[in-house]
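Just below is one structure, and these are the notes that go with it.
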Amino acid sequence: ETVLRKYGLPHPIVGGFNGAVCVDNGVTQYALTCDCARMREVVCQLSTVEPVLCVQAQDLDSRRIFLDPSHSEAQRYRKECRQTGLGSVAEKPLLDVLDQQPDLQIGKLSVLFADTHSCRQWQQRLQAQLAESYYVVNTGRGDLLEIGRRDGNKGTFIRYLSETYGYTPQQIAVIGDAE
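Going by our numbering, the sequence shown opens with residue 1267, and the numbers climb by one from there.
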């Protein structure tokens, strides 16, 4: 809801986060989060790969949890959080947080690569491993992968609004930072 207020909607009735969660009148209708054990496997797999620059998870409270919390991307995001008043960055490394909070609600995992070629290669590899339950998309940047629940997307949120309130897709707007 904090993000919706940022966009000028002071009293939102319905809000979503990447389609992974839907809050309607203050009541969570669904939370389609990633399995922590599965995401831990992916993070461990990527943590030793040379072209990987940064790995982060984002929980449902807009907290970013970095594999290395001292990484420049973590520092950049900390600064952005201070400036906007939105979100936060965990002080502990991602693997430590996953070990300490095995039921953490992760909305998505993001992986920044050194180059687009490596990103595409890992996208294909991870799609083959995760295809049944997760999406693995290369964002518009070309060097960034995002991983989340296959059914946790903006389309799921749009369907909820259509079915619950009778809105047509033309009456619904979705906001995203990468699309």
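A virtual CB, placed ideally from N, CA and C, is assigned to each residue, including glycine.
Of the choices the options, whose alpha-carbon is the least far from that of residue i?
i	options	result
Asp1409	Asn1419, Val1308, Gln1295, Pro1317	Pro1317
Ile1446	Ile1424, Asn1291, Gln1395, Leu1364	As shown, the chain starts at 1267 and ends at 1445. That puts residue 1446 outside it, with no answer to give.
Val1363	Ala1297, Ser1336, Gln1295, Ala1323	Ala1323
Cys1302	Glu1429, Ala1397, Gln1393, Gln1366	Gln1366
Thr1382	Ser1376, Leu1411, Ala1397	Leu1411
Cys1300	Thr1430, Pro1368, Tyr1433	Pro1368
Gly1235	Asn1291, Val1293, Leu1326	Because residue 1235 is not part of the residues shown, which for the chain are 1267 to 1445, the question remains open.
Short of 7 Å in beta carbon distance, which residues of its chain neighbour residue i, apart from the five on each side in sequence? Order them along the chain.
i	result
Ala1444	Note that Ala1444 scores a pLDDT of 47, beneath 50, so its modelled location is shaky; the value from the coordinates is reported in the next line. Closer than 7 Å at Cβ, skipping near neighbours: Thr1405, Gly1406.
Arg1416	Ser1399, Tyr1400, Tyr1401
Tyr1433	Leu1427
Gln1393	Val1402
Once the 5 residues before and after residue i are set aside, which same chain residues still bring their CB inside 6 Å of it?
i	result
Ile1438	Ile1424, Leu1427
Arg1306	Leu1364
Leu1319	Leu1378, Ala1380
Arg1330	Gln1322, Gln1324, Tyr1343, Val1355
Gln1295	Cys1288
His1337	Cys1320
Arg1304	none
Val1315	none
Thr1430	none
Below 8 Å between beta carbons: does that hold for residue i and residue j?
i	j	result
Val1287	Ala1297	yes
Lys1420	Val1440	yes
Go through its chain and collect everything with a Cβ distance to residue i's Cβ below 8 Å, but skip five positions before and after it.
i	result
Arg1391	none
Ser1313	Val1321, Leu1333, Leu1361
Pro1435	Ile1424, Ser1428
Glu1339	Leu1319, Cys1320, Gln1322, Phe1332, Leu1378
Gln1311	none
Any contact of the segment 1344 to 1361 with the segment 1380 to 1399, i.e. 3+ C-beta pairs under 8 Å? no
Would you check if there are 3 or more beta carbon pairs closer than 8 Å linking the segment 1344 to 1357 to the segment 1366 to 1384? no
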